[in-house]
Amino acid sequence: MNFVRLGLLKRSLNMECRNLHLLKKLAYINGEWVNANSNSVFPVINPADDKVIAEIPDMDATDAKIAVDAATNAFKTWKDTSAKERSSILRKWFDVCQKNSDHLADIITAEAGKPLGESKGEVAYGNSFLEWFADTARHINGEVIPSPWPNKQIIVTRQPLGVVSIITPWNFPFAMITRKVGALMAAGCTCVIKPAEDTPLTALAAVQLAEEAGVPKGVINVITSSRKNAPAVGKVLCEDPNVGCISFTGSTHVGKILYGMAAKGIKRVALELGGNAPFIVFSSADISHAVEQAMLAKFRNNGQACVGANRFLIHEEMFDKFVDCFKYKISQKCILGPGHKEGVTCGPLINMEQIKKVSGLVNDAVKKGAKVMIGGQVAKDIGEKFYESTVLVDVKPDMEIYGEEIFGPVAVCLKFKTENEALEIANSTRSGLAAYVFTSDLGQAFRMSRQLEFGMVAINDGVLSAAEPPFGGIKESGIGREGSKHGAEEYTDLKYTLFSALDK
Ligand code: SIN
Numbered sequence: 012m013n014f015v016r017l018g019l020l021k022r023s024l025n026m027e028c029r030n031l032h033l034l035k036k037l038a039y040i041n042g043e044w045v046n047a048n049s050n051s052v053f054p055v056i057n058p059a060d061d062k063v064i065a066e067i068p069d070m071d072a073t074d075a076k077i078a079v080d081a082a083t084n085a086f087k088t089w090k091d092t093s094a095k096e097r098s099s100i101l102r103k104w105f106d107v108c109q110k111n112s113d114h115l116a117d118i119i120t121a122e123a124g125k126p127l128g129e130s131k132g133e134v135a136y137g138n139s140f141l142e143w144f145a146d147t148a149r150h151i152n153g154e155v156i157p158s159p160w161p162n163k164q165i166i167v168t169r170q171p172l173g174v175v176s177i178i179t180p181w182n183f184p185f186a187m188i189t190r191k192v193g194a195l196m197a198a199g200c201t202c203v204i205k206p207a208e209d210t211p212l213t214a215l216a217a218v219q220l221a222e223e224a225g226v227p228k229g230v231i232n233v234i235t236s237s238r239k240n241a242p243a244v245g246k247v248l249c250e251d252p253n254v255g256c257i258s259f260t261g262s263t264h265v266g267k268i269l270y271g272m273a274a275k276g277i278k279r280v281a282l283e284l285g286g287n288a289p290f291i292v293f294s295s296a297d298i299s300h301a302v303e304q305a306m307l308a309k310f311r312n313n314g315q316a317c318v319g320a321n322r323f324l325i326h327e328e329m330f331d332k333f334v335d336c337f338k339y340k341i342s343q344k345c346i347l348g349p350g351h352k353e354g355v356t357c358g359p360l361i362n363m364e365q366i367k368k369v370s371g372l373v374n375d376a377v378k379k380g381a382k383v384m385i386g387g388q389v390a391k392d393i394g395e396k397f398y399e400s401t402v403l404v405d406v407k408p409d410m411e412i413y414g415e416e417i418f419g420p421v422a423v424c425l426k427f428k429t430e431n432e433a434l435e436i437a438n439s440t441r442s443g444l445a446a447y448v449f450t451s452d453l454g455q456a457f458r459m460s461r462q463l464e465f466g467m468v469a470i471n472d473g474v475l476s477a478a479e480p481p482f483g484g485i486k487e488s489g490i491g492r493e494g495s496k497h498g499a500e501e502y503t504d505l506k507y508t509l510f511s512a513l514d515k
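Using the working numbering, the first residue of the sequence shown is number 12, and each one after it goes up by one.
See below:
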């Protein structure tokens with residue numbers, strides 16, 4: 012790198028850092044802030060302007076092994092802490108995160124590109140998991156089962172399963188950590204977190220606050236690595252014999268690879284993978300409510316959410332009206348720009364790979380006859396990663412976008428005539444995460460809830476995520492549940508103990 016470029020890089024680094032109070036540039040292993048064993052670093056980029064926010068350790072398999080060993084050692088004592096103590100530490104972590112909400116949000120906006128208001132929303136959502144699991148820690152109960160023998164007693168307890176490898180995505184860089192780590196800590200497990208290459212700074216900020224809250228050393232470890240080192244790190248995190256579970260949120264493609272590696276050691280997995288959510292509007296629905304909710308279901312994080320509505324199935328009687336209202340709302344509410352700018356509601360996509368994917372899907376559809384009602388291209392006047400909020404109609408099964416998870420701000424609107432036809436289209440996918448249904452017919456609502464092949468169904472709502480219900484999918488959308496009491500139970504093993512000879 013020449014001196015002029017180095018100077019420019021340093022200036023942009025300094026400008027970004029001034030406002031980021033929780034910025035940490037080191038990884039965290041066994042309660043220490045550390046460099047990579049190799050001393051390598053990689054840059055974290057602001058997707059809105061491509062400026063380098065920080066350079067952080069580019070760790071490899073050696074560092075991953077050290078982190079797993081630290082978590083293994085910490086597990087020996089953490090597993091025997093009382094539920095009350097774990098609850099109290101989680102509560103303190105929640106309090107510290109609450110106090111630092113604005114600082115956490117600044118980091119999310121800097122590295123993930125979200126509008127500041129949305130980043131604050133993610134922090135509130137993420138914190139709700141710490142609060143929930145602080146309470147849940149004290150309610151991970153066992154069972155006493157009536158035995159078939161008069162002189163014996165059957166007791167079932169839940170025991171923490173050990174070290175958990177956590178691999179988190181870039182689209183919710185804070186909430187996906189608290190949802191997993193809150194649950195596993197409540198259960199008595201320890202962990203190694205490998206945050207997404209695009210958004211590691213939020214993880215480092217969250218762990219800085221965990222340290223402040225008194226989480227003992229080794230209970231949470233964070234290793235950071237670039238895309239280049241990610242496969243080697245992932246292999247250690249999945250295959251080290253001391254790891255008991257791999258908890259991953261991300262694409263179905265990567266989930267399958269991790270599942271394959273976990274299978275070698277018969278490890279537990281918790282996989283929250285891609286969705287392809289249908290958003291079904293029946294003719295009895297309140298159309299203005301459906302459109303309001305469609306805005307939330309489609310444009311939350313600019314379409315980059317696995318529960319985001321992917322296919323809008325609209326009854327033919329209301330199709331034109333729905334599309335017109337949707338288009339109008341988008342023109343009023345979707346304001347593209349950098350996340351820290353006042354008034355912006357839609358930020359950039361995370362990287363050029365996403366831009367290429369979204370543009371490719373739209374271009375293929377248009378070439379094969381789809382019609383763009385609004386949007387349809389990169390907003391080059393703002394920047395190369397800003398994609399216009401888009402509505403497509405006349406989409407047909409031969410177009411790639413018909414069956415793919417878009418993961419961007421593009422709404423595909425399809426017409427249907429009958430309930431059976433809507434169900435058939437909705438279920439014609441290997442994904443099964445979330446589905447949304449709008450109807451005022453109670454019987455139809457129950458039929459949909461029963462027959463949609465998805466792990467989560469929202470009736471007359473466009474947002475279903477919260478700490479209290481079990482979040483997760485079926486089919487290729489994943490295994491296991493997060494949030495709720497089930498989220499903590501994922502990180503426990505059931506142990507059956509037989510107490511015999513009670514008459515002796
Ligand atoms: C995700 O998109 O990965 C998670 C979204 C949510 O928790 O609502």
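Backbone N, C-alpha and C fix where the C-beta goes; we use that ideal spot for every residue, glycine too.
Query                                                                                                                                                                     : Result
How big is the Cα-Cα spacing for Asp514 and Ile165?                                                                                                                       : 15 Å
Can the beta-carbon of Thr401 be found less than 9 Å from the beta-carbon of Val421?                                                                                      : yes
Between Phe482 and the ligand SIN, is the CB less than 8 Å from at least one heavy atom?                                                                                  : yes
Report, in whole angstroms, the separation of the C-beta atoms of Ile231 and Lys205, which I expect to be a contact under 8 Å.                                            : About 12 Å separates the two Cβ atoms, so there is no contact after all.
Hey, how far is the Cα of Ala478 from the Cα of Ala469?                                                                                                                   : 15 Å
Excluding the five sequence neighbours on either side, which residues of its own chain have a C-beta within less than 7 Å of the C-beta of Gly229, listed in chain order? : Asn41, Gly42, Ala81, Ala82, Asn84, Ala85, Thr201
Quick check for students: name the residue ranges of the beta strand (DSSP E) that lie wholly in the segment 262 to 312, counting only runs of 3 or more.                 : 279 to 283, 288 to 292
Starting from Gln164, trace the beta strand (DSSP E) both ways and give me its first and last residue.                                                                    : 164 to 171
Reducing DSSP to helix, strand and coil, say where Trp104 ends up.                                                                                                        : helix
What does the Cβ neighbour count give for Val15, buried or exposed, with the cut at 16 atoms within 10 Å?                                                                 : Note that Val15 scores a pLDDT of 42, beneath 50, so its modelled location is shaky; the value from the coordinates is reported in the next line. Exposed, because fewer than 16 other Cβ atoms sit within 10 Å of the Cβ of Val15.
Could you check the C-alpha separation between Gly319 and Asp74 for me, to the nearest Å?                                                                                 : 35 Å
Report the rounded CA-to-CA distance for Gly261 versus Phe183, giving the unit in angstroms.                                                                              : 10 Å
CA-CA distance, Val383 and Asp209?                                                                                                                                        : 31 Å
Which residues in the same chain as Thr503 place their Cβ atom closer than 7 Å to its Cβ, once the five residues preceding and following it in sequence are excluded?     : Ile151, Arg169, Gln170, Pro171, Leu172, Ala198
Compute the Euclidean distance between the alpha carbons of Ser451 and Lys309, then round it to the nearest angstrom.                                                     : 22 Å
Can you name the residues that DSSP bridges to Ser258?                                                                                                                    : Ile177, Ala281
From what residue to what residue does the alpha helix (DSSP H) around Lys382 run?                                                                                        : Run containing Lys382: none in the alpha helix (DSSP H); it sits in the beta strand (DSSP E), 382 to 385.
If you draw a straight line from the C-alpha of Asn321 to the C-alpha of Pro157, how long is it?                                                                          : 48 Å
Less than 9 Å between the beta carbons of Val107 and Ala224, yes or no?                                                                                                   : yes
Locate the beta strand (DSSP E) running through Trp160, then write down its first and last residues.                                                                      : Unbroken run through Trp160: none, as it is neither H nor E.
Could you tell me if Ala288 is buried or exposed, where buried requires 16 or more neighbouring beta carbons within 10 angstroms of its beta carbon?                      : buried
Going by other Cβ atoms of all chains shown within 10 Å of its Cβ, with 16 needed for buried, is Met363 buried or exposed?                                                : exposed
Where Lys379 and Gly387 are concerned, what is the direct C-alpha to C-alpha distance, given to the nearest angstrom?                                                     : 14 Å
What beta strand (DSSP E) runs, 3 residues minimum, are completely inside the segment 366 to 449?                                                                         : 382 to 385, 401 to 404, 421 to 427, 445 to 449
DSSP puts Cys202 in a beta bridge; with which residues?                                                                                                                   : Val175, Ile231
For Pro480, which three-state DSSP category applies?                                                                                                                      : coil
For the alpha helix (DSSP H) containing Tyr339, name the first residue and the last one.                                                                                  : 330 to 344
Going along the chain, which residues of its own chain have a beta-carbon closer than 6 Å to the beta-carbon of Glu430, five neighbours each way excluded?                : none
How would you label Lys344, buried or exposed, when you count the other beta carbons within 10 angstroms and need 16 or more for buried?                                  : exposed
Let me know if Ala3 comes out buried or exposed under the rule of 16 or more other beta-carbons within 10 Å of its beta-carbon.                                           : Residue 3 is absent from the model: the chain starts at 12 and stops at 515.
For Lys407, does the count of other Cβ atoms within 10 angstroms reach 16, so buried, or fall short, so exposed?                                                          : exposed
When the Cα atoms are used, what is the spatial distance from Lys391 to Lys125?                                                                                           : 18 Å
List the endpoints of the continuous beta strand (DSSP E) containing Asn138.                                                                                              : No beta strand (DSSP E) holds Asn138; the alpha helix (DSSP H) holding it covers 127 to 147.
Could you say if the segment 441 to 448 and the segment 335 to 350 meet the contact criterion of at least three C-beta pairs nearer than 8 Å?                             : no
By DSSP, does Lys496 sit in helix, in strand, or in coil?                                                                                                                 : helix
CB-CB under 7 Å to Val254, same chain, minus the five flanking residues each way: which ones, in chain order?                                                             : Val79, Val174, Ser176, Leu248, Lys278
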